[in-house]
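One structure is given below, encoded as structure tokens.
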Ligand code: ADP
Ligand code: MG
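Residue numbers (this note's numbering): 2 to 400.
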């Protein structure tokens with residue numbers, strides 16, 4: 002969709018801002034450009050909408066060399082969001098958002114209706130905020146209006162230059178979350194500039210890590226963090242990159258262990274036999290509808306089972322079921338949740354494992370060992386990522 006071919010930009014004063022740059026952004030892909038100040042990120046972005054012209058090399062959009070494209074026509078296909086937002090101070094939020102559709106010749110009514118929808122989409126109630134002026138908004142709200150306005154003409158491409166750079170960390174995280182939700186819905190081709198590695202790995206499908214005027218690594222977040230291509234990248238992503246990697250690696254079905262599973266209404270004897278057969282110390286307990294209830298330890302089943310003939314307190318004979326001895330399990334997560342959340346949940350509940358659900362269905366458990374293996378896998382599978390990945394027998398058997 003966006004393709005750089007050996008692009009160099011030398012400014013008139015001799016500064017080489019971008020040096021022989023080649024990369025490609027696929028349709029619907031979100032690529033973050035990350036690097037320290039002055040490394041050429043903004044210059045790269047401005048060459049996509051022709052605010053800056055390359056000194057040599059070509060930039061193609063949709064296969065077309067944009068050197069021959071009328072800049073105005075080109076920019077209509079690209080929403081542009083910058084840190085200073087550039088809202089018109091004397092126009093209301095609704096009119097600011099409606100600017101582009103009006104420019105494109107929409108009627109006032111249609112443009113305003115579209116603007117209201119977009120404000121809704123970025124989480125601003127148009128009834129409440131539409132009539133306000135930019136200086137009556139918080140920094141985070143102004144950035145949302147900036148995003149809404151960039152989306153107003155429904156452009157296939159979004160160029161975002163440090164759009165959340167000026168807001169405090171808490172608001173920034175909100176904006177990132179909202180933007181990911183939005184992007185899942187609108188699937189634009191996005192070039193997103195940031196100097197913040199956390200933001201880059203959180204948002205990017207792929208990341209371009211900039212050194213001085215050059216890309217040092219262009220890769221998935223997991224691989225940039227897990228297998229930095231150069232010492233420069235390793236240094237840039239930081240010594241805590243392992244921790245960061247936890248937040249970009251989702252829990253996958255293959256990461257899970259399958260402990261024995263028993264049902265709440267199973268007789269205790271049967272649960273005990275099941276645990277003995279597996280040599281397991283505990284089993285997962287599901288309720289009648291197959292939803293997670295909790296767990297039961299081997300000792301709980303064993304004590305009751307061996308004590309069934311004797312007269313212990315609570316030994317109520319043949320009627321004993323798992324229900325009386327099961328414990329609730331609150332440490333669970335959905336499949337696809339980041340490993341970081343899994344780790345945090347283990348710590349929060351002081352649990353040696355957590356349950357993982359696929360919708361309402363119990364899918365397996367994640368243990369610290371499996372979590373570690375999943376982290377390693379996140380590098381390996383990206384490496385082998387190809388449409389020809391063979392379907393393994395295990396996958397077929399599981400289905
Ligand atoms: P970034 O966005 O990564 O901070 P920029 O692309 O803005 O970096 O700048 C890259 C380099 O080009 C810097 O050294 C900057 O000073 C220089 N530069 C940017 N714009 C101009 C310009 N109009 N004239 C001369 N040098 C410039
Ligand atoms: Mg910049």
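Glycine included, C-beta positions come from ideal geometry on N, C-alpha and C. Predicted model only: the values in this text are computed from it and were never measured.
Is residue 314 buried or exposed, if buried means 16 or more other CB atoms sit within 10 Å of its CB?
Per-residue confidence for residue 314 stands at a pLDDT of 48, beneath the threshold of 50, marking its modelled position as unreliable; no derived number is given.
When a residue counts only if its C-beta is closer than 7 Å to some heavy atom of the ligand ADP, which residues count, in chain order?
12, 13, 14, 16, 18, 36, 38, 39, 40, 41, 42, 43, 44, 45, 194, 211
Which residue from 83, 348, 116, 108 puts its Cα closest to that of residue 127?
116
Within 10 angstroms of its Cβ, does residue 452 collect 16 or more other Cβ (buried), or is it exposed?
Any question about residue 452 goes unanswered here, given that the chain covers just 2 to 400.
Which of the three DSSP states is assigned to residue 134 in this structure?
coil
Using 10 angstroms around the beta-carbon of residue 182, count the other beta-carbons present and answer buried if the total reaches 16, otherwise exposed.
exposed
Identify whether residue 114 lies in helix, strand or coil by the three-state DSSP scheme.
helix
Let me know if residue 55 comes out buried or exposed under the rule of 16 or more other beta-carbons within 10 Å of its beta-carbon.
buried
Return the first residue and the last residue of the alpha helix (DSSP H) that residue 189 is part of.
That residue, residue 189, is in no alpha helix (DSSP H); it is neither H nor E in DSSP.
Count the other C-beta atoms from every protein chain shown that fall within 10 angstroms of the C-beta of residue 72, then say buried if there are 16 or more, exposed otherwise.
exposed
Can residue 299 and residue 281 be called in contact, C-beta distance under 8 Å?
yes
What is the rounded straight-line gap between the Cα of residue 199 and the Cα of residue 224?
14 Å
Could you have a look at residue 46 and say whether DSSP puts it in helix, strand or coil?
helix
Quick check: the Cα distance between residue 149 and residue 293, rounded to an integer number of angstroms?
41 Å
Please determine whether the Cβ atom of residue 162 lies at a distance below 7 Å from any heavy atom of the ligand MG.
yes
Among all the DSSP beta bridges, which residues are the ones paired with residue 24?
5
Tell me which same chain residues have a C-beta within less than 8 Å of the C-beta of residue 359, skipping the five on either side of it?
254, 335, 336
Assigned secondary structure, residue 18 (DSSP; H/G/I helix, E/B strand, else coil)
strand
Spatial neighbours of residue 354 within its chain, please: CB distance less than 6 Å, with the 5 preceding and 5 following residues excluded, ordered by chain position.
366, 368
With distance defined between alpha-carbon atoms, name the residue in 252, 91, 102 nearest to residue 134.
91
Just how far apart, CA to CA, sit residue 378 and residue 246?
12 Å
Touch test, the region 10-23 against the region 61-76, Cβ-Cβ under 8 Å, three pairs minimum
no
With a threshold of 16 other CB atoms inside 10 Å of the CB of residue 163, please say whether the residue is buried or exposed.
buried
Taking the beta carbon of residue 203 as the centre, do at least 16 other beta carbons fall within 10 Å, making it buried, or is it exposed?
buried
Where does residue 70 sit, in a helix, a strand or coil, going by DSSP?
coil
Just mark residue 178 as buried or exposed, buried being the case when its beta carbon has 16 or more other beta carbons within 10 Å.
exposed
When the Cα of residue 324 is compared with those of 125, 110, 340, 296, which residue comes out closest?
296
For the beta strand (DSSP E) holding residue 363, just list the boundary residues, first then last.
362-367
Integer-rounded CB distance, given that residue 165 should sit under 8 Å from residue 144:
6 Å
Three or more beta-carbon pairs under 8 Å between the region 72-85 and the region 16-34, yes or no?
no
Can you pull the DSSP bridge partners for residue 218?
210
Check whether residue 226 and residue 207 have beta carbons under 8 Å apart:
no
Can the beta-carbon of residue 8 be found less than 8 Å from the beta-carbon of residue 193?
no
Taking the alpha helix (DSSP H) that residue 198 belongs to, which residues open and close that run?
198-204
Can you pull the DSSP bridge partners for residue 59?
6
Output the boundary residues of the alpha helix (DSSP H) element that contains residue 279.
269-279
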